[in-house]
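Quick note on our numbering: the sequence shown kicks off at 388 and runs consecutively.
Before any comments, here is the structure.
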Amino acid sequence: MKLSSEFIKKLNDYMFKADYKKAYDEIEKTQADRSYSEEELLILDYKRCLILRYLGEFEKVIQISKTTQAKAINQANDLVQIDSLILEIFSHYRLNRIELVQNLLDKAECLLSKIKDKEIPIRRTKLLTYRVYACIAEGEFERAQILAQENFTLSREQNNPELIASAYYVNGWVSMHKGELSDAIYNYHESLTIREKLNNHPYDLAHSLFGLGYGYKNIGDLDKAYSCLSRCKEIREKIGNQQDIAWTLLNLGDVFYQKNEVKKAQEFYDHSLIINRMMNYTFGIIFSLRRLSSVYESMKEPQLVIDTLEKALEFAKQLEDVDPEVYTLFDLIKYDIENKLDSNKLKSYLSSLKNINQRYNNRIFDQIYRLAQALIFNSEADKRSQLKARNLFREITEEEIMNFDYTRIAMQRYSKLLAEELNRYLSDESLSSQLTDLSESINPVVLYRSYSMVAENFLDLSQIALEEIDIDKARELLKRAQYLCDFLNLYNKGSTPFRIIYSLFVKERNLNELSKFLKITKGALSSQLKLLIDLDIVKISREEQIRSATMLKKYYSLGNKGFELLQPLNLELYNSLNLKETNSDHLVDTLMKPRLLTKIIRDATILTDNFQNFFEEQVLMKPSKPTDEGLSDKNLEDVKKIFSQSIDVQVEQFLLSEKQYQTYKKLWKEFSEKIKSEIIKENIDSAEYHATEKPIYVANLVLPISDLMELERYQLKKRKQNEKSNEE
């Protein structure tokens, strides 16, 4: 007797209506008929296994699939064997046994390579899909992306809509975990569109709805998230897969939590916890408890938060999979730090996290451990700990995303630290005084904003970017803020770093040459060079072996950022400070460039003044006899050698009427455009740029000279008035 087409059609109808229980009962009834052949009973075994997979009975799936594989081997039915093995792999994945999943995937791929059948590519796509999921679970995102793309290409080649829909879903899964949320939403949407058109499998349709709802939730589009997740819940409740229902409830709770409807969120979290406990699904219980802890945190119930998280930790320690333990330990550390709770427990949690990180070669665990360290350092008041925290936040921000939520935490903390640091640099009293003087003497509107807004602007823009899930924009903003902090920190160390930059612009030098040229001890220069190298302003250009194999002489030259600092700049200081609301996105660049440039020019001017004073006093007004200030002819010859490599510098000033000044600006603009388009064509990183003669540094600074001179006179007048008042 053969399985009738009517029976297969009835089975498929039940499944496409999401009535998997009736389909299962139909198979049980049919298997009781002893008139079926061994081959037909084998197919029924596989169908039973498949339906149990949809129902979420994963332990039963594993048990029956093993029996089915053994029968398939006896009957030499390779396709049923591989299909049953694929169901076993999926079930272990849903039970979070990732190492076992990887081993079974290797076994399945070996088996698949020995089979020749036109339907093999379909099985291949399934194996690729589960390999992608396993790689993501282990933090191997680059490999997951490569495999997902291979799966997508293979699915397209088969011209099979179901496979293509699944491939889009897998792409969305990868993008979601990499923090590329717009890509994830696009892929989930494409998957859903195809599956809605097919209208044949509610289980898969629910998965696409869940993925899309999860994506919308993460970008804060809560109405769309609720719509998708509600549809998903309706389908999954009809199917009866309790694990899927629990996950859907959990995410619906997240939607209400983000809407600040905490009580409603708690109802969904409680419901998911009840289902997970009923299934004895420990992994799900942990996630439900972690979500409930956030509800108790909103309710200002610290003891409930701790009790709930510690209960989650107890469950996590029972699992073979250590992921939930890592996540829960981090939650406890973060909450303890923010609320300044038990320091001994904090040390214990961090120690446990450290031990797990050392036992497993898992990049996600390593990132979470470093983030926990950064949070602890950040909670300590000393500067050294704050610097460690900043460096760790920066490291996590700039590296590949392992888990978007943790990257976002790092970015938010990093952004806050940078803003505080910039405020310290830019809100000092002397600067405030200068800004006040400038605003009174020139124009009250010109400096109506404080430089401290630079820091606030960085913080605001980076936070907005994070809220919009624009990770690239947030990274770029934070990178620019970090560079400004480093630059200002460098300037606060005095003029030595800038003198090093100037001397290395002229030529490459070793430590001895720098010391002699700048008349600074090698010990003092070494620390400054290290700082400049760390900032990529200076680099070690080459090393020469001397005396023995262990002795090396290092030569230094400008790095990428060093060249950036000394690139030709044309800047109208007055106009750059005349800010308009429309330029608020560029507030940082507009405010900081003139300030940084002015600092560089100030140091350059000091050096130039020193040279001019030396020339006047020691050459033009040469003392009649040697003194402490005077130099002999031989000394002067030595000094001339120092400047043999120097570049000619010409500074011209003129007094112009308003009409002449406008003409000058027009001519300068035309000249500047020609310089950029016709003369400056070489890239400083190209071989041609360094191959011939040393380039001459050309800079043009347009300043409101008369206003600045007037400002200087005004400040002098104010100081005299203050002194007179104090005397009286």
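Note that the Cβ used here is the ideal one computed from N, Cα and C, for glycine as well.
Straight-line CA distance for ILE430 to PHE643? Approximately 45 Å, taken between the alpha carbons.
For LEU428, tell me which candidate among GLN462, ILE469 and LYS396 has the shortest Cα-Cα distance. LEU428 has its Cα closest to that of GLN462, out of GLN462, ILE469 and LYS396.
Taking a contact to mean a Cβ-Cβ separation below 8 Å, would you say TYR555 touches SER578 in this structure? Going by C-beta atoms, TYR555 is nearer than 8 Å to SER578.
Quick one: using the 10 Å Cβ neighbour count with 16 as the cut-off for buried, is ASN765 buried or exposed? Note on ASN765: 16 or more other CB atoms within 10 angstroms of its CB, so buried under the neighbour-count rule.
Whose C-alpha, out of LEU740, LYS727, VAL709 and ASP708, is nearest the C-alpha of PHE717? That would be LEU740, whose Cα lies nearest to the Cα of PHE717.
Strand pairing of GLU930, partner residues [DSSP]: GLU930 has LYS941 as its beta-bridge partners, per DSSP.
Can you tell me whether MET686 is buried or exposed? The criterion is at least 16 other CB atoms within 10 Å of its CB, across all chains shown. Here MET686 is exposed. Its C-beta has fewer than 16 other C-beta atoms within 10 Å.
Determine contact between the segment 650-657 and the segment 694-704, defined as no fewer than three beta-carbon pairs at a distance below 8 Å. Using a C-beta cut-off of 8 Å, the segment 650-657 makes no contact with the segment 694-704, since fewer than three inter-stretch Cβ pairs fall below that distance.
Mind listing, in chain order, the continuous alpha helix (DSSP H) runs of no fewer than 4 residues lying wholly within the segment 699-772? List check, alpha helix (DSSP H) in window: 710-726, 730-746 and 750-766.
Quick one: what does DSSP say ARG896 is sitting in, helix, strand or coil? Strand, per DSSP.
Going along the chain, which residues of its own chain have a beta-carbon closer than 6 Å to the beta-carbon of GLN545, five neighbours each way excluded? Result list for GLN545: PRO508, in chain order.
So is ILE395 buried or exposed if we call it buried at 16+ other beta carbons inside 10 Å? Exposed is the label assigned to ILE395, since fewer than 16 other Cβ atoms lie within 10 Å of its Cβ.
By how many angstroms is the C-alpha of LEU700 removed from the C-alpha of GLU712? Distance between the alpha carbons of GLU712 and LEU700 is about 6 Å.
Could you tell me whether the Cβ atoms of LEU599 and HIS564 are closer together than 8 Å? HIS564 is positioned such that its CB atom lies no closer than 8 Å to that of LEU599.
Using 10 angstroms around the beta-carbon of ARG800, count the other beta-carbons present and answer buried if the total reaches 16, otherwise exposed. When all chains shown are included, ARG800 counts as buried.
Whose C-beta lies closer than 7 Å to the C-beta of LEU919 among residues of the same chain, with five residues either side of it excluded? Cβ neighbours of LEU919 beyond the five flanking positions: PRO884, ILE887 and VAL925.
Is the beta carbon of LEU898 less than 8 Å from the beta carbon of LYS941? Contact flag set, yes.
Counting beta carbon pairs with one atom in the segment 515-523 and one in the segment 535-551, are three or more of them shorter than 8 Å? They touch, by the three-pair rule.
I believe ILE720 touches ALA768 by the beta-carbon criterion, under 8 Å. Please report the beta-carbon distance rounded to the nearest angstrom. Incorrect: roughly 18 Å between the Cβ atoms, too far for contact.
Suppose you measure from the CA of LYS611 to the CA of VAL649; what does that come to, to the nearest Å? LYS611 and VAL649 have their C-alpha atoms roughly 19 Å apart.
Output the distance between the C-alpha atoms of MET665 and SER675, rounded to the nearest integer angstrom. Between the alpha carbons of MET665 and SER675 lies a distance of about 13 Å.
Using a Cβ-Cβ cutoff of less than 8 Å, which residues in the same chain neighbour ILE473 once the five nearest sequence positions on both sides are dropped? Contacts found: ALA495, ARG510, LYS513, LEU514 and TYR517.
By alpha-carbon positions, which one of GLN630, GLU1045 and ALA861 ends up nearest to ARG440? Among GLN630, GLU1045 and ALA861, the Cα nearest to that of ARG440 is on GLN630.
Going by other Cβ atoms of all chains shown within 10 Å of its Cβ, with 16 needed for buried, is LEU774 buried or exposed? That one is exposed.
Taking Cβ to Cβ, would you say VAL488 is nearer than 8 Å to ALA521? Against a cut-off of 8 Å, the Cβ pair of ALA521 and VAL488 comes out as a contact.
Contacts around ASN726, its chain only, beta-carbon distance under 7 Å, and the 5 residues preceding and following it disregarded: Non-local C-beta neighbours of ASN726 in its own chain, meaning closer than 7 Å and more than five positions away in sequence, comprise PRO689, ordered along the chain.
Kindly indicate which residue of ILE438, GLU506 and ASP504 has the alpha-carbon position closest to the one of GLU475. Ranked by Cα distance from GLU475, the options ILE438, GLU506 and ASP504 are led by ILE438.
Could you pull out every residue in the same chain whose Cβ sits closer than 7 Å to the Cβ of THR669, ignoring the five residues on either side in sequence? PHE702, GLN705 and LEU706, listed in sequence order.
Near LEU585, what residues of its chain come up, given a Cβ to Cβ distance below 8 Å and the 5 sequence neighbours on each side ignored? The answer, listed in chain order, is PRO548, GLU549 and ALA552.
Go through its chain and collect everything with a Cβ distance to LYS646's Cβ below 7 Å, but skip five positions before and after it. Annotation for LYS646: LEU609 place their beta carbon closer than 7 Å to its own, counting only its chain and skipping 5 residues before and after.
Below 8 Å between beta carbons: does that hold for GLU782 and ARG757? Yes, Cβ-Cβ distance for GLU782 and ARG757 is below 8 Å.
Could you say which of ARG543, ASP493 and LEU737 lies nearest to TYR714 if we only look at CA atoms? With distances taken between CA atoms, TYR714 lies nearest to LEU737 out of ARG543, ASP493 and LEU737.
Quick check on the DSSP output: the alpha helix (DSSP H) that includes ASP1139 runs from which residue to which? Since the displayed the chain opens at 388 and closes at 1115, residue 1139 lies outside it and no answer follows.
Check this for me: beta carbons of ALA761 and ALA776, under 8 Å apart or not? The answer is yes: Cβ separation under 8 Å.
Give me the Cα-Cα distance between ILE414 and LEU442, rounded to the nearest whole angstrom. In this structure, the CA atom of ILE414 is about 14 Å from the CA atom of LEU442.
Paired residues, beta bridge with VAL448 - DSSP: Answer is none; VAL448 lacks a bridge partner.
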